[in-house]
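Going left to right, the sequence shown walks through residues 4 to 339 as the working numbering numbers them. Here is the structure we will look at.
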Amino acid sequence: MRNTFALLSTVLLLISLDMIAIRCQDQVPNQPLDTMINLKDTSQIEKIISVAIPETVRRLPDDTYEFFNPVTKSILKRLSPAEMASKSPWWNADYPVLSSANEIGGRYKFLDIRKLPLQDRQDLAKKVQSVPFVGDTSEFSEINFVHIQPNIAYSFRNGIVVKHTVTFCQYDHCEIPSGYQTRFVRYDSTGKINAVWDDYYQFASVSISLDGRFVLTNSTVRAGEAEEIMGEWALIDMNEKKKIPIPRYLKNESGYYTEREVLVRGKYFILLLSGEGNFVWLIIDAYSNSYFDRVFKVTTEKEYMNYSKSLYNEYFFNGNARGQVNFSGFTKHNLK
């Protein structure tokens, strides 16, 4: 009798455990990432081989950059913030119209030129190229204020690219600018300038390819007090001094927005974008004039949050992934 009771208890316990397992299985949420993202397709994973290049430039606490010989450690050049700033044609008011401007100092330079002859200010307005998506700029008949931002340096493998930005305004505070000028200056491993690019957008985030050849950057425009509009992206070939066509996702008013910072992996720029009802992974290979995309459809807010949290970590950075790019499921297109 005792053995029979023990056997019966065991059977009932197993049945209870099975019922609990079935109930738990019913409660497991559906995770589309398991089926949409195939991390096992290793044939499409490109390993990024990074060649070890000795450091030749370092930033000091006062924003000075030192360029040095990696073997002897001797200093080849010290590039001070003032020297970098001098490469902006507007910083020292070298432009004739600004030579007698009333300057308010500080880290930014605010040039008030309202006291200069009206004709000079009108001539300057004619030379300032307006940004196309600002709106109607016909009312800007003169420039009365020039705001010059401090230089910002971006490092790449063996040099730096310095960004200089100037804002031209008819009205104080520049709530609605008349136009911009941005200059990118590239310094090589010895501290010498070897490329310059001028544009009429105000560029915000800047990403540099590992060899310093390509600059991927997005533009912004002041549209009112404390308000900025994201504009079109630009892909600049510093060697050839020209812009390269950008993927349709990055064009102005495309409806797609960046979810993460731009990642630079080997020769690739990688972006995660979100649009209406989908996410897009975008890989740009400017060296071969091509890009790759993969679209992930989302239909619910829960799916959106799932993708938003999981794609960045699981798709490109599975395991020792900072040295690889996964092309599984991507479609290749030409930049045109």
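Even for Gly, the Cβ is constructed at its ideal location relative to N, Cα and C.
For residue i, which three-state DSSP category applies?
i, result
"Asp37", "Summary for Asp37: the model assigns pLDDT 43, below 50, so the residue's position carries little reliability; its value from the coordinates is reported in the next sentence. It is helical."
"Leu338", "coil"
"Ala198", "strand"
"Gln47", "helix"
"Phe333", "coil"
"Ala55", "coil"
"Gln327", "strand"
"Tyr190", "strand"
"Asn281", "strand"
"Ser210", "strand"
"Asp126", "helix"
"Tyr183", "strand"
"Asn154", "coil"
"Leu314", "helix"
"Asp175", "helix"
"Leu119", "coil"
"Ser293", "strand"
"Pro271", "Inspection of the sequence shows that residue 271 is occupied by Tyr rather than by Pro. DSSP places Tyr271 in strand when its eight states are reduced to three."
"Tyr307", "helix"
"Glu69", "strand"
"Asn6", "Its pLDDT being 44, under 50, Asn6 is placed unreliably in this model, and the coordinates cannot settle the point."
Spatial neighbours of residue i within its chain, please: C-beta separation below 6 Å, excluding the five flanking residues on both sides.
i, result
"Thr220", "Phe206, Val209 and Ala237"
"Leu82", "Tyr68 and Gly194"
"Ala198", "Arg189 and Met241"
"Phe333", "Phe295 and Arg297"
"Leu253", "Trp236"
"Val131", "Phe171, Ser181 and Gly182"
"Ile249", "Trp236 and Leu238"
"Ile48", "Gln327 and Asn329"
"Arg62", "Tyr68"
"Tyr290", "Lys270"
Looking at residue j and residue i, is the spacing between their C-beta atoms short of 9 Å?
i, j, result
"Arg268", "Gln327", "yes"
"Arg160", "Asp202", "no"
"Tyr271", "Leu338", "no"
"Glu304", "Phe282", "no"
"Phe330", "Ile286", "yes"
"Ile116", "Val149", "yes"
"Thr75", "Ser192", "no"
"Arg186", "Lys90", "yes"
"Asp175", "Asn147", "yes"
"Pro92", "Asn154", "no"
Excluding the 5 residues preceding and the 5 following residue i in the sequence, name in chain order all residues of the same chain whose CB lies nearer than 7 Å to its CB.
i, result
"Arg216", "Asp240, Met241 and Asn242"
"Gln125", "Ser144 and Glu145"
"Ile340", "Since the first residue of the chain shown is 4 and the last is 339, residue 340 is not available in this structure."
"Ile56", "Arg160 and Asn161"
"Ile211", "Tyr157, Phe159, Val164 and Val218"
"Lys335", "Ser293 and Phe295"
"Leu79", "Phe70, Phe71, Asn72, Thr193 and Gly194"
"Cys177", "Phe148, His150, Thr170 and Arg225"
"Ala128", "Phe143, Ser144, Glu145, Ile146 and Ser181"
"Tyr307", "Val301"
"Ser77", "Phe71"
Looking only at its chain, what residues have a beta carbon closer than 8 Å to the beta carbon of residue i, apart from the 5 residues adjacent to it on each side?
i, result
"Arg251", "Ser257"
"Tyr260", "Met233, Leu276, Ser277 and Gly278"
"Trp94", "Ala88, Lys112, Ile151 and His167"
"Lys246", "Ala237, Leu238, Ile239 and Asp240"
"Ser222", "Val134, Tyr204, Gln205, Phe206, Ala207, Met233, Gly234, Glu235, Trp236 and Ala237"
"Val265", "Ser208, Ser210, Leu219, Phe272, Ile273 and Leu274"
"Glu86", "none"
"Gly280", "Lys300, Val301 and Thr302"
Would you say residue i reaches chain D, if we count a Cβ-Cβ gap shorter than 9 Å as a contact?
i, result
"Ser192", "No chain D appears in the structure shown, which is made up of a single protein chain."
Can you confirm whether the stretch 168-177 touches the stretch 59-73 when touching is taken to mean that 3 or more C-beta pairs between the two stretches lie within less than 8 Å?
no
Stretch pair the stretch 296-305 + the stretch 238-246: three plus CB contacts closer than 8 Å
no
Ignoring anything shorter than 3 residues or poking outside the stretch 220-268, list the beta strand (DSSP E) runs there in chain order.
230-240, 245-247 and 266-268
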